[in-house]
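A.B. asks: Dropping a structure here in structure tokens format, bear with me for questions.
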Amino acid sequence: MIVSLIVAASENNVIGKDNQLIWKMPADMKFFREKTTGHHIIMGRKTFESTGVLPKRTSIIISRNNDLTVPENCLLAISIEDAISKVKNDEEAFIIGGADIYKQSLAVADKIYLTRIHHTFEGDAYFPEIDETKWELISKQEHQPDEKNQYAFTFLEYRKK
Ligand SMILES: NC(=O)c1ccc[n+]([C@@H]2O[C@H](COP(=O)([O-])OP(=O)(O)OC[C@H]3O[C@@H](n4cnc5c(N)ncnc54)[C@H](OP(=O)(O)O)[C@@H]3O)[C@@H](O)[C@H]2O)c1
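To convert, count from 1 in the sequence shown and add 36; that's the working numbering.
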């Protein structure tokens with residue numbers, strides 16, 4: 037099984053504000069849905085509070101609170117390692133955020149799917165800078181803004197060296 041981070045970040049690495057996403061980019065939401073559907077998705081408790089249960093995926097919610105109640109069909113994990121150990125029968129598991137979880141899971145991840153939104157935003161949650169001595173860019177697809185997607189964006193895929 038491989039462990040992949042999947043994230044959308046602005047030019048200044050902002051990923052959210054007030055526990056919400058900032059932009060609405062349907063093309064990126066479609067990409068996220070297509071990549072993660074049918075797989076396990078691992079997230080921090082705050083991201084779970086923001087997104088709720090995403091259909092057709094198995095959610096694993098990470099919290100230090102052992103007593104946290106999670107919805108039926110979701111799993112609770114007490115650490116990133118615990119979350120990964122709970123993934124069964126899946127060739128790719130996705131770490132879907134947020135900032136706290138991304139920062140801690142770069143060390144265990146094999147891949148990063150980064151959607152770079154070509155705009156600068158103010159926010160309070162950030163994706164870490166990708167260290168290109170550790171990560172190799174293996175795919176890059178640039179897209180211009182259109183009637184549904186306000187900002188130019190690029191799908192980037194990195195593999196750990
Ligand atoms: N743009 C994107 O792609 C994207 C994706 C996802 C999220 N986001 C944004 O990111 C922001 C949320 O990020 P965040 O950093 O505030 O929160 P987060 O990473 O979603 O969740 C943090 C929580 O996870 C738990 N946790 C963290 N490390 C842990 C560990 N080692 N062991 C056990 N539990 C651990 C703790 O929960 P407890 O407090 O319950 O112990 C902690 O409070 C929001 O703005 C959201 O919209 C953006």
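Where is the CB? At the ideal position from N, CA and C, for every residue including glycine.
Note that the structure is predicted; figures quoted are calculated from it, not measured.
Hey, could you find the ends of the beta strand (DSSP E) MET14 is sitting in?
C.D. replies: Shown here, the chain extends from 37 to 197; a query on residue 14 therefore has no answer.
A.B. asks: Any heavy atom of ligand 1 inside 7 Å of the beta-carbon of LEU112?
C.D. replies: No - ligand 1 has no heavy atom lying nearer than 7 Å to the Cβ of LEU112.
A.B. asks: State the start and end residues of the unbroken beta strand (DSSP E) segment that holds GLU193.
C.D. replies: For GLU193, the uninterrupted beta strand (DSSP E) run begins and ends at 189 to 196, by DSSP.
A.B. asks: Counting beta carbon pairs with one atom in the stretch 130 to 139 and one in the stretch 77 to 84, are three or more of them shorter than 8 Å?
C.D. replies: yes
A.B. asks: Under 8 Å between the Cβ atoms of GLU37 and VAL106?
C.D. replies: Note that residue 37 is Met in the sequence shown, not Glu. Cβ atoms of MET37 and VAL106: not closer than 8 Å.
A.B. asks: Could you spell out the range, first to last residue, of the beta strand (DSSP E) harbouring SER95?
C.D. replies: 94 to 98
A.B. asks: For GLU117 and ILE148, I'd like the C-alpha separation in whole angstroms.
C.D. replies: 18 Å
A.B. asks: Unbroken alpha helix (DSSP H) runs of length 4 or more, entirely within the stretch 106 to 131: which are they?
C.D. replies: 116 to 121
A.B. asks: Among the residues of its own chain, which have a CB less than 6 Å from the CB of ARG195, if the five just before and after it don't count?
C.D. replies: LYS147, GLU172, ILE174
A.B. asks: Tell me which residues share the same chain as LYS176 and place their Cβ nearer than 7 Å to its Cβ, disregarding the 5 neighbours each side in the sequence.
C.D. replies: THR190, LEU192
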